[in-house]
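Visitor:
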Amino acid sequence: QKVENALFHAIEKNELYLVFQPIVDLKTNTIIGTEALIRWDHDYFKQITPLKLIEIAEQSGLIVDIGKWVLREALKQNKKWHDLGYSSMFVSVNISAIQFDQPNFVSMVKSILEETSMSPEFLELEVTETNAMTMVDEKLAKMSKLKEMGIRIAIDDFGTGYSSLAYFTRFPINTLKIDRSFVNEIYHDENAKTIITTIINMAKTINIATTAEGVETFDQVKFLEEQGCDKIQGFLISRPVNPEDIEELFKNKE
Ligand code: G
Ligand code: G
Ligand code: MN
Ligand code: NA
526 QKVENALFHA IEKNELYLVF QPIVDLKTNT IIGTEALIRW DHDYFKQITP
576 LKLIEIAEQS GLIVDIGKWV LREALKQNKK WHDLGYSSMF VSVNISAIQF
626 DQPNFVSMVK SILEETSMSP EFLELEVTET NAMTMVDEKL AKMSKLKEMG
676 IRIAIDDFGT GYSSLAYFTR FPINTLKIDR SFVNEIYHDE NAKTIITTII
726 NMAKTINIAT TAEGVETFDQ VKFLEEQGCD KIQGFLISRP VNPEDIEELF
776 KNKE
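Position 244 (the sequence shown) corresponds to 769 in UniProt numbering; numbering is contiguous.
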């Protein structure tokens, strides 16, 4: 059985689903949003990790349809949470370069927001640092349009792509997601601490929020709080889980 072929049928066969990981505001210590992450429930291709799944989807071009499906499902779920009363919750959706570079990307996002009755201010799109560094002019133009619509842009895996933060002053972005490789090293490597502190301070001067990814210990939270990091995400709060488990977390955090 060919994996591309199986993945091609995954949407119609209802094998794809989303899990959500909470994002916590450090000032209020409340869950303010979630990141949607794709999963594939397939008898034969169980061993395929989400990272590999995305790689296959990108190589085969299936990412365009899958990415659209992810966006729709993430917004539908976020709408359900709004209807349940969690009406300030945002959802963050990962966007592949190939998907972002589609000529109709902006209009596709707009139509899915309308279809799901979700206001643009509750959608954040995550673009990796490496992605943002290719086809820069096209990227800038699209990001500006998305921002004008009220959608937020986050740079994912920040710090891994060898770009300088100064470079990002050109981009209309709202959030930098500090890569978990730095967060992991907070209590092992002085350089990691310095890098995080520098990212947070520079981001503040250009009015960009910071989210630390991969937070697993209270010591890391303490350091990030001291440095003025805005939001955290990681196994300490919760692994990516299904929507019902997210609702339990909402209740417990109230
Ligand atoms: O879910 P997990 O933590 O294993 O994620 C593995 C990788 O796959 C991460 O880099 C994440 O950003 C990416 N990923 C997960 N879901 C999606 C998705 O819906 N679209 C894209 N483009 N990437 C995703
Ligand atoms: O690249 P992106 O940031 O979208 O990746 C999300 C991935 O990070 C998911 O696969 C998720 O499972 C993983 N992740 C989220 N929190 C943690 C954490 O605290 N520790 C580790 N090791 N991985 C995490
Ligand atoms: Mn991400
Ligand atoms: Na990341």
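Ideal placement from N, C-alpha and C gives every residue a C-beta, glycine not left out.
Taking Leu543 as the reference, give the member of Ala561, Thr553, Ile536, Ala535 with the closest Cα.
Guide: Leu543 has its Cα closest to that of Ala561, out of Ala561, Thr553, Ile536, Ala535.
Visitor: Could you check where the beta strand (DSSP E) with Phe683 kicks off and where it finishes?
Guide: Start and end: 677 to 683.
Visitor: Would you give the residue range spanned by the beta strand (DSSP E) that Lys702 belongs to?
Guide: First-last of the beta strand (DSSP E) with Lys702: 700 to 703.
Visitor: Give the straight-line distance between the Cα atoms of Asn554 and Gln758, rounded to the nearest whole angstrom.
Guide: Each residue's alpha carbon lies about 12 angstroms from the other.
Visitor: Could you give the distance in angstroms between the alpha-carbon of Ile771 and the alpha-carbon of His713?
Guide: Cα-Cα distance, rounded: 32 angstroms.
Visitor: Which same chain residues end up closer than 8 angstroms to Ile536 when comparing Cβ atoms and leaving out the 5 residues on each side of it in sequence?
Guide: Excluding residues within five positions, the ones whose Cβ falls inside 8 angstroms are Asp590, Ile591, Trp594.
Visitor: Since I believe Ile563 is in contact with Leu596 (beta carbons under 8 angstroms), could you give me their beta-carbon distance rounded to a whole number of angstroms?
Guide: Not confirmed; about 11 angstroms, so no contact.
Visitor: Does ligand 2 have a heavy atom nearer than 7 angstroms to the CB of Val549?
Guide: Incorrect: Val549 has no Cβ contact closer than 7 angstroms to ligand 2.
Visitor: Measuring CB to CB, does Met660 end up less than 8 angstroms from Asp682?
Guide: Taking 8 angstroms as the Cβ cut-off, Met660 and Asp682 do not qualify as a contacting pair.
Visitor: Pull up the distance between the alpha-carbon of Ala531 and that of Thr574, whole angstroms please.
Guide: Approximately 15 angstroms between the Cα atoms of the pair.
Visitor: So the beta strand (DSSP E) Arg564 belongs to, where does it begin and stop?
Guide: Counting along the chain, the beta strand (DSSP E) containing Arg564 begins and ends at 555 to 565.
Visitor: Which of the three DSSP states, helix, strand or coil, is assigned to Thr742?
Guide: Of the three classes helix, strand and coil, the one that applies to Thr742 here is coil, per DSSP.
Visitor: Tell me the DSSP bridge mates of Asp550?
Guide: Per DSSP, Thr555, Lys756.
Visitor: Can you grab the Cα-Cα spacing for the pair Ile698 / Glu741, in whole Å?
Guide: Cα to Cα, Ile698 sits roughly 26 angstroms from Glu741.
Visitor: Please give the ranges of any beta strand (DSSP E) in the region 553 to 641, keeping only runs that are unbroken, at least 3 residues long and fully inside the region.
Guide: Here the runs fully enclosed are 555 to 565, 615 to 619.
Visitor: Should Leu650 and Ile676 be called a contact, given that it needs their Cβ atoms to be closer than 8 angstroms?
Guide: Cβ distance < 8 angstroms, so Leu650 and Ile676 count as in contact.
Visitor: Among Val618, Ala622, Gln752, Pro645, which one has its Cα closest to the Cα of Met658?
Guide: The residue with the shortest Cα to Cα distance from Met658 is Ala622.
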